[in-house]
Structures are given as C-alpha cells and as structure tokens.
Amino acid sequence: MESEWYQGKTEIASFEPEELFGTKLRALLQRRKNRDLFDLNEGLKQLAMDPAKIIACFDHYLALEGKPITRAMAEQRMLEKLGRSLTEDIAPLLPAGIRFNDDDASEAFERVWKELISRIQGDPWKLTDKIVEGLRQKAYPGLLRG
Numbered sequence: 001m002e003s004e005w006y007q008g009k010t011e012i013a014s015f016e017p018e019e020l021f022g023t024k025l026r027a028l029l030q031r032r033k034n035r036d037l038f039d040l041n042e043g044l045k046q047l048a049m050d051p052a053k054i055i056a057c058f059d060h061y062l063a064l065e066g067k068p069i070t071r072a073m074a075e076q077r078m079l080e081k082l083g084r085s086l087t088e089d090i091a092p093l094l095p096a097g098i099r100f101n102d103d104d105a106s107e108a109f110e111r112v113w114k115e116l117i118s119r120i121q122g123d124p125w126k127l128t129d130k131i132v133e134g135l136r137q138k139a140y141p142g143l144l145r146g
C-alpha cells in the first residue's frame with residue numbers, strides 16, 4: 001500500500017460471496033426481522049453463487065455457535081414470517097429508487113425457500129404442508145406451487 005500517509009504491506013481479510021450469504025441466511029433464520037431476505041434474494045439473482053456452498057457456510061457458522069438449525073426449524077421460522085409483513089423493516093433501509101413491495105417479497109421468499117431452505121440438512125417440518133395450504137387460502141394463493 002502506498003499513500004501520502006503510509007507505505008507498506010498490508011493484508012485485507014475478505015469473504016467469498018457464499019460465506020457472506022451463508023451468514024445472511026443464519027441471520028434471517030435467527031431474527032424476527034426480514035431485512036436479510038432482500039439481501040439473500042438479490043445475491044441469488046445477481047451473483048453466480050453455489051447454493052450448496054452457501055449452506056455449507058451456514059452450517060459451519062452455526063456449528064461454531066453450537067446452535068444448529070435443522071430444515072424443520074428453518075421451514076417453521078420462514079413460514080412464521082409470512083404471518084407478519086415481509087417488507088416493513090426493509091423499506092427504510094433501501095436506497096432511493098429501489099422498491100421491495102409485497103409481490104417482490106413473495107418472490108424473494110420463494111427463491112430463498114427453493115434455493116436454500118430446501119437444501120438445509122434434516123427432514124422437512126411436519127406441519128409445512130398444512131401451514132402452506134392455510135397461507136394459500138388466506139393470503140398467498142401461489143405459495144410454493146412452482
């Protein structure tokens with residue numbers, strides 16, 4: 001590194017995108033907030049990431065914490081998010097000109113579910129089908145049909 005103030009060598013730690021998004025998935029599933037849903041969706045759409053690597057990083061960080069999240073737990077937590085607004089905590093954080101409305105949030109939910117949640121180790125949650133059917137009847141007719 002060379003500048004007017006400093007000359008020398010330095011090392012800068014950086015992360016692979018999959019590692020960053022593995023921690024985003026962990027945050028989405030550990031918090032009641034949904035802001036990580038937007039980031040995960042954008043990352044999956046715009047970056048050529050390997051979902052299996054994202055899940056491997058997710059598992060790694062959970063193992064370090066000693067707080068595993070099974071597929072059943074992940075499905076339950078994601079479906080609980082549909083009982084609240086997926087967008088209310090995100091809107092104030094978005095840059096001007098970027099939209100994330102309810103339709104965008106539903107699309108993001110589907111993408112994250114299909115590309116990541118379904119790859120988490122373990123069996124599906126035993127109530128997933130029942131809860132999904134109820135959500136389809138109440139508010140999300142196309143939920144997880146494709």
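146 is the number that my numbering gives the last residue of the sequence shown; the numbers go up by one with no jumps.
Idealized CB from N, CA, C, for every residue including glycine.
Every value quoted in this text rests on a predicted model; they were computed, and no experiment measured them.
Taking 8 Å as the upper bound for CB-CB distance, residue 44 and residue 111 are in contact here, some 6 Å apart. When secondary structure is reduced to three states using DSSP, residue 137 falls in the helix class. Per the coordinates, the alpha-carbon of residue 104 lies some 21 Å from the alpha-carbon of residue 74. In its chain, beyond the 5 residues on either side, 82, 106 have a beta carbon closer than 7 Å to the beta carbon of residue 140.
Contact annotation: the region 43-60 does not touch the region 82-95, with fewer than three C-beta pairs closer than 8 Å. Between residue 122 and residue 71, the CB-CB gap stays under 9 Å. Comparing C-alpha distances from residue 61 to each of 77, 21, 115 shows the shortest one belongs to 21. Within the DSSP secondary-structure output, residue 2 pairs in a beta bridge with 7. In the assembly as shown, residue 5 is an exposed residue. Its beta-carbon has fewer than 16 other beta-carbons within 10 Å.
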